[in-house]
Amino acid sequence: AKNWNTSSPVCNWTGVTCDVHSHRVTVFNVSGLNLTGTIPSQLGNLSSLQSLNLSFNRLSGSIPSATFITHTLKYVDLRGNQLSGAFPSFIFNKSSLQDLDLSYNALSGEIPANICSNLPFLEYISLSQNMFHGGIPSALSKCTYLQILGLSFNDFSGAIPKEIGNVTKLKELYLVRNRLQGEIPRELSNLAELELMSLFDNELQ
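Using the working numbering, the letters of the sequence shown map in sequence onto residues 153 to 357.
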């Protein structure tokens, strides 16, 4: 990236924002810089990091656990890369996390059933355009602050869990092009704040 050199203070680097008092890095945004290679584990050394945006690059490999050592992370955007491997369960150490976007990658495996128990303040999660499979966890109902849920263009199967009707703050639900079956749960009508819902290209009745 431009001006990334040791002769310039880190807080002046492109994509870096620091706290005005502590001078510690709080935002790291290198979106769309055509970066290649793997995600450096050294990002975990940024102990005051609140927002990490590596989106729309050409990063590959798995998501390193060391990246998520910091306990201050609120926003993580890794969409639009070539990342592979399973859902990063080590992200569960980040109870402060509010926004998680892993869409448009090559991630696979199942969504851990206890995702909301570990991420209680999650407001936005998008796993769309990956290769996730298995069922949609009914325990998503425990994400009481969740407003946007994006699981489109994966290989999820089984029924839409009726428990999603208990996510009362949900505004947008995207389950397009999976292998979901059965009836659309009537409990979804309980979602008073729901504004957008896309369920097409499934095997729903």
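In this text, a Cβ means the ideal position worked out from N, Cα and C, and glycines have one as well.
Which two residues bound the contiguous alpha helix (DSSP H) that contains residue i?
i: Asn205; result: Per DSSP, Asn205 belongs to no alpha helix (DSSP H); it is in the beta strand (DSSP E), Ser203 to Asn205.
My understanding is that residue i touches residue j, with C-beta atoms under 8 Å, so please give their C-beta distance in whole angstroms.
i: Gly302; j: Ser280; result: 5 Å
i: Gln234; j: Ala218; result: The pair is not a contact, with the Cβ atoms about 20 Å apart (cut-off 8 Å).
i: Gln250; j: Tyr227; result: 6 Å
Applying the 10 Å Cβ sphere with the 16-neighbour rule, what's the burial state of residue i?
i: Gln333; result: exposed
i: Val177; result: buried
i: Asp253; result: buried
i: Gly213; result: exposed
i: Pro240; result: buried
i: Arg210; result: exposed
i: Gln357; result: exposed
What are the start and end residues of the beta strand (DSSP E) that includes residue i?
i: Ile277; result: Tyr276 to Ser278
i: Val319; result: No beta strand (DSSP E) holds Val319; DSSP gives it neither H nor E.
i: Cys170; result: Val168 to Cys170
i: Val177; result: Val177 to Asn181
i: Phe308; result: Asp307 to Gly310
i: Cys286; result: Reading the sequence as shown, one finds Gly at residue 286 and not Cys. Element bounds for Gly286: Met283 to Gly286.
i: Ile191; result: Where Ile191 is concerned, there is no enclosing beta strand (DSSP E), given that its DSSP letter is neither H nor E.
* **In chain order, each alpha helix (DSSP H) run of at least 4 residues that lies wholly inside the segment 203 to 280** => 267 to 270
* Is it true that the segment 236 to 249 meets the segment 285 to 301, where meeting means three or more beta-carbon pairs spaced less than 8 Å apart? -> no
* Asked: Is the segment 316 to 328 touching the segment 338 to 351, taking contact as three or more C-beta pairs under 8 Å?
  -> yes
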